[in-house]
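Undergrad: Have a look at the structure that comes next, please.
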Amino acid sequence: MKHHFTFAIAFTTLGLAAQSAAAQDTGEVSDQLSRAGFVLENGLEIPSFDPVLGRKLFAAKGCVVCHSVNGIGGEDAPEFSADFMDRPMNAFDFAANMWRGAPAMIAMQEDEMGEQIELTGEKLAAIIAFVHDADEQARFSQADIPHDIEELMHGNPGHGDAPEAEDHGEDAGETGHSDGG
Numbered sequence: 000m001k002h003h004f005t006f007a008i009a010f011t012t013l014g015l016a017a018q019s020a021a022a023q024d025t026g027e028v029s030d031q032l033s034r035a036g037f038v039l040e041n042g043l044e045i046p047s048f049d050p051v052l053g054r055k056l057f058a059a060k061g062c063v064v065c066h067s068v069n070g071i072g073g074e075d076a077p078e079f080s081a082d083f084m085d086r087p088m089n090a091f092d093f094a095a096n097m098w099r100g101a102p103a104m105i106a107m108q109e110d111e112m113g114e115q116i117e118l119t120g121e122k123l124a125a126i127i128a129f130v131h132d133a134d135e136q137a138r139f140s141q142a143d144i145p146h147d148i149e150e151l152m153h154g155n156p157g158h159g160d161a162p163e164a165e166d167h168g169e170d171a172g173e174t175g176h177s178d179g180g
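FYI, in numbering that gives the first Met the number 0 the residues of the sequence shown are 0 to 180.
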């Protein structure tokens with residue numbers, strides 16, 4: 000009986016040590032959770048944060064027309080290189096910042112691309128993951144940009160060449176009012 004008890008303690012100790020070692024590798028655990036998505040006890044779904052999909056969407060949806068990553072992309076809006084992002088980063092804060100800038104972004108999208116960019120929660124989560132993943136950003140190149148989006152970036156005659164396209168209230172501050180009232 001004494002041997003069974005000692006054996007049980009040995010296995011328990013090994014199990015706890017393995018569990019502790021796995022918990023210390025939070026990068027791997029975090030990476031697995033972020034790519035899988037999950038549902039909270041209260042029923043709220045947290046989408047997967049897939050930076051590979053985000054890299055493709057950043058180019059295909061046209062984010063790259065105004066935003067740059069590692070020097071690739073437009074200059075009309077903030078640069079999104081991961082090196083400049085907060086660590087850790089709250090994805091909902093990032094989305095809230097987008098919400099605050101939505102009127103100007105929508106106006107620019109309609110002017111530059113002819114319509115507002117439509118994103119699902121899953122696609123937005125993927126783009127946010129890409130914006131904060133330096134390793135995935137290192138894979139981003141001109142080759143990722145679809146031909147039609149590249150034409151927009153280089154002055155497609157149908158969009159963005161009119162002088163009035165330059166002013167979207169960037170100086171208006173967070174309220175969107177440039178006259179202070």
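Cβ coordinates follow ideal geometry from the N, Cα and C atoms, glycine included.
Report buried or exposed for A58, applying the criterion of at least 16 other Cβ atoms within 10 angstroms of its Cβ.
TA: By the neighbour-count rule (16 or more Cβ atoms within 10 Å), A58 is buried.
Undergrad: Alpha carbon to alpha carbon, how far is P46 from E114?
TA: The alpha-carbon atoms of P46 and E114 are separated by roughly 26 angstroms.
Undergrad: Measuring alpha carbon to alpha carbon, tell me which residue in C65, A95, G53 is nearest A106.
TA: When only C-alpha atoms are compared, the closest one is C65.
Undergrad: Check E44 in the structure and name its three-state DSSP category.
TA: Strand, per DSSP.
Undergrad: Measure the Cβ-Cβ separation of M257 and L52 and say whether it is below 8 angstroms.
TA: The structure shown does not extend to residue 257, since the chain is modelled only from 0 through 180, so no value can be given for it.
Undergrad: Going by CA-CA distance only, name the one from R99, D85, I144 that's closest to A128.
TA: Cα-wise, what sits closest to A128 is D85.
Undergrad: Just checking my contact of Q136 with A81 at CB under 8 angstroms: how many whole Å lie between their CB atoms?
TA: Between A81 and Q136 the Cβ distance is about 5 angstroms, and since that is below 8 angstroms, they are a contact.
Undergrad: Starting from Q141 and walking both ways along the alpha helix (DSSP H), at which residues does that stretch end?
TA: From DSSP, Q141 is part of no alpha helix (DSSP H); its letter is neither H nor E.
Undergrad: According to DSSP, which residues form a beta bridge with G72?
TA: Per DSSP, S67.
Undergrad: Alpha carbon to alpha carbon, how far is G154 from Q108?
TA: Taking the straight line from one Cα to the other gives about 14 angstroms.
Undergrad: If you count every other CB in all the chains shown that lies within 10 Å of the CB of V68, and 16 or more means buried, which is it?
TA: By the neighbour-count rule (16 or more Cβ atoms within 10 Å), V68 is buried.
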